[in-house]
Amino acid sequence: MTEFIQLMAQYPLLFASISFFFATVIGSFLNVVIHRLPVMMKREWQLECNQYLDEYHKATVTGIKDKLAQPIDDYPEKYNLIVPGSSCPKCKTSIKPWHNLPILGWLILGGKCIHCKTHISARYPIIEALTGMMVAYLAYHFGPSWQFAFGTILTFGLIALTGIDLDEMLLPDQITLPLLWIGILINLNGTFVSITDAVIGATAGYMSLWSVFWGFKLLTGKEGMGYGDFKLLAMFGAWLGWQQLPLIILLSSIVGATVGLILIVTNKTSSEHPIPFGPYLSFAGWISLVSGPQLTLLYMSYVTS
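Counting in the numbering used here, the sequence shown runs from 36 upward without gaps.
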C-alpha cells in the first residue's frame, strides 16, 4: 500500500485519472441517492402520520388517512438505496448492468430506454461526470493524503445535497448531520483546521444564518431560508474552521443573487418563488475547501491595499 501511495504521489495525473473513474461509479450511486432518499423520507413521514391517526384519532378522522398518503400496503416491500434495482420509470424494464456504466451507459442507450424509448435525462451522466471531475481535481490538488480522502467524502455529500435541494427544496439531516460530525472528528487531528477552530466554526456557522433568518422574518414576516441551510453552513465550519465562513457566505450570496436575478430577468422564475440556497452554499464551501486560504488572503490584500 505504501508503494502504491508513493507511486500515486510521483504521478499526480495518473492518480487523478484513477480517481476520476472511481468517482464516476460513486456518481452513479449519487443519482440514486438524489432520487430515492426524498421518497424514502416522504414514505417514512406518511407511515408515521398513519400510525398517529390510527392510534389517537380513530373516531374523528375517518377518511383523512386515505387522503393523506398512498396506502402503505401499495408500496414495494422494500424501498431503499439498494432495492429495488434500477428500472425505467415508465415501462419498469430492468436496466442491464452494462447500461448502468457511468456516462457510457447513457451514451450507449442514446439517452433513451432500450424498451419503450422513453427519454432518459442527461442529468444522470452530467452528475457522474461532474463527480469524477471534482474528485480528480481533489486528487491532483491534495495528492494521496487524508485531506484527499475526506475531501472526497465531503464532495460526494455536497453533490447529493445539491441535487436533492434543487429537486425538493430540502437538505436532509441524514446527510448534513453525519458530515458535520465527521468534520469535527477528523479535525481532532487537525486534518484541515484545529479542533478549536472546527467547534467554533460549527457554532458560528449555525448561529450566523440563524440570526439572519430571524432578523429577516421579524422585518418581513417571511422565512428567507430553511434550517437545513444553517446546518449546512455549520457543517462547513466544522470542516474548514470559522475563518472560512465569511468567504463561504459572501461567495454563496454573490452567486445565488446573480443566478436568481438571471432567472427572474429571463422569466424562469419570479421574485415570489423561493430559490434553494443549498446549492450555492455547497459551491462556495467546495471552493473554500480547495482554495479558501488563498482566496481569503487575496481578498484581504485587496481590501487593505
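The beta carbon of each residue, even a glycine, is placed where N, CA and C say it ideally should be.
Check	Outcome
Can you tell me whether DSSP reads K152 as helix, strand or coil?	coil
How far does the alpha helix (DSSP H) with H308 in it extend, from its first residue to its last?	No alpha helix (DSSP H) holds H308; DSSP gives it neither H nor E.
Drop a sphere of 10 angstroms on the beta-carbon of E163, count the other beta-carbons inside from all chains shown, and report buried for 16 or more, exposed for fewer.	buried
In angstroms, rounded to a whole number, what distance separates the CA positions of S278 and Y87?	Note that residue 278 is Gln in the sequence shown here, rather than Ser. Cα to Cα, the separation comes out at about 45 Å.
Please give the ranges of any beta strand (DSSP E) in the segment 123-200, keeping only runs that are unbroken, at least 3 residues long and fully inside the region.	none
Is G291 helix, strand or coil by DSSP?	helix
According to DSSP, is M36 part of a helix, a strand, or is it coil?	coil
Specify, as a first and last residue, the run of the alpha helix (DSSP H) that G276 falls within.	Counting along the chain, G276 falls outside any alpha helix (DSSP H), and DSSP gives it neither H nor E.
Got a sec, what are the start and stop residues for the alpha helix (DSSP H) V118 sits in?	Run containing V118: none; DSSP gives neither H nor E here.
Roughly how many angstroms separate the alpha carbons of G167 and N302, rounded to a whole number?	33 Å
Let me make sure I understand the geometry here. Which of K152, R158, Y159, F64 has the alpha-carbon closest to that of Y115?	In the sequence under discussion, the amino acid at residue 115 is Asn, which differs from the Tyr named in the question. Checking every option, the nearest Cα to that of N115 belongs to F64.
DSSP state of L254, grouped into three classes?	helix
Return the first residue and the last residue of the alpha helix (DSSP H) that Y337 is part of.	313-339
From F248 to Y334, what does the alpha carbon distance come to, in whole angstroms?	26 Å
Beta-carbon separation of S276 and V228 under 8 Å?	The sequence given here has Gly at residue 276, not Ser. Contact flag set, yes.
Which whole runs of the alpha helix (DSSP H) in the segment 218-262 are 4 residues long or more, in chain order?	230-255
Label G256 either buried or exposed according to how many other C-beta atoms from any shown protein chain fall within 10 Å of its C-beta, with 16 as the threshold for buried.	exposed
Excluding sequence positions up to five away, which residues of its chain have a Cβ less than 6 Å from the Cβ of L298?	T304
Just confirm the distance between the C-beta atoms of A269 and Y241, as a whole number of angstroms; I'd bet it's less than 8 Å.	4 Å
Helix, strand or coil for M204 per DSSP?	coil
Could you tell me how far apart the beta carbons of P73 and I199 are, in whole angstroms, since I believe they sit closer than 8 Å?	6 Å
Would L212 pass as a contact of G313 if the rule is Cβ separation under 8 Å?	no
CB-CB under 7 Å to F177, same chain, minus the five flanking residues each way: which ones, in chain order?	F183, G186
If the criterion is Cβ atoms closer than 8 Å, does the pair I69 and A195 meet it?	yes
Under a Cβ-count criterion, where at least 16 other Cβ atoms within 10 Å of its own Cβ denotes burial, should Y345 be classed as buried or exposed?	The shown model of the chain, from 36 to 340, leaves out residue 345, and the question about it has no answer.
I'd like to know if the segment 257-265 and the segment 230-237 are in contact, where contact means that at least 3 CB-CB pairs between them fall below 8 Å.	no
Let me know the secondary structure DSSP gives T301 once reduced to three states.	coil
In whole angstroms, what separates the C-alpha of K127 from that of Q81?	24 Å
Mark P119 as exposed unless 16 or more other C-beta atoms lie within 10 angstroms of its C-beta, in which case mark it buried.	exposed
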